[in-house]
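Peer 1: This structure is in C-alpha cells; I'll ask about it shortly.
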Amino acid sequence: MQKKEPRSAKTSVALVVAGLLLAGTTPSWGWDCSLDGIQEREQMAKESHVGTIKGRILDYETQEFLDGVSVTIKDTDWNARSDSEGTYVFPGIPVGYYVLAFELEGYYTDTRTDVSVRPDRITFLNVQMLKARSITEEVRVTADYFPKTPDKPGSKMQDFLWTISSFPISITFPNGAPPEGISTC
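The sequence shown runs 208 to 392 under this note's numbering.
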C-alpha cells in the first residue's frame, strides 16, 4: 500500500476556492475567481513561492473587533474585508514586500509599508485603527489689528500743539512777531 503525502497549503487553498465556486459563493478577498483566475493563481504558485498575509483589526480605544474594514494591497488588484471578528486573509501572495492600506468610514486610514511575505509562511499583521475626530461645537475667533484706545478729551489742535511742543523747534516769523491768536512758550 502506498503512503499518501499530505496536501500542501497551496492545494488546500485551491480546493477551498473551487468549493466556494461550486457552492455559488464568492470568496471575500476580491480575486478573480473564474476558472481562468484560479488556474492563473495555481500556475503562479507553481512557478514562484507564495505566502499569506493575515491579521486582525481592532478599534484603538475600545479594543473591539472592526467589521467591514477594506484592506488593500497597493499597486495590485488584491483587496479583502475584515469579518465580524476583525479578521482578514490574503492567501497565495507572491514573495516580496508590500504596502497595505486599511480604510473604514469614521476612522483614519492606516497604511503599513514593507510588509514582508516569505515563502510558505504566514505574515501576521494586526492593526489598531483610530476613530477620526470632528469638531461638534462652534468656535468663533475675532481680532483687531490695533487695540482700541479711549478717546482723549480735547481738540485736534491741542494734540497737534502737544506734538509740536515735544520737539525742540525754533520758529521765525516774517515780521518777527507771531500772528494774532498764536502764543509762544
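We treat Cβ as the ideally placed atom computed from N, Cα and C, and that holds for glycine.
Buried or exposed, going by whether 16 or more other CB atoms sit within 10 Å of the CB of A287?
Peer 2: So A287 ends up on the buried side.
Peer 1: Given D321, which residues of its chain have a CB within under 7 angstroms of its CB, disregarding the five upstream and five downstream residues?
Peer 2: Answer for D321: Y304, listed in chain order.
Peer 1: Whole angstroms is fine: what's the gap from E312's alpha carbon to D327's?
Peer 2: Straight-line Cα distance between these residues: approximately 34 angstroms.
Peer 1: Reducing DSSP to helix, strand and coil, say where P326 ends up.
Peer 2: Here P326 sits in coil by DSSP.
Peer 1: Below 7 angstroms CB to CB, which residues in the same chain sit around L273 once its five sequence neighbours on both sides are set aside?
Peer 2: Counting only Cβ-Cβ distances below 7 angstroms, and skipping sequence neighbours, we find I264, L265, D266, S289, G293, L311, M336.
Peer 1: Alpha carbon to alpha carbon, how far is P301 from Y295? Give it in angstroms, no decimals.
Peer 2: The alpha-carbon atoms of Y295 and P301 are separated by roughly 17 angstroms.
Peer 1: With DSSP as the reference, label T283 as helix, strand or coil.
Peer 2: Three-state result, T283: coil.
Peer 1: Can you pull the DSSP bridge partners for E310?
Peer 2: DSSP, once it has assigned bridges, lists S277 as partnering E310.
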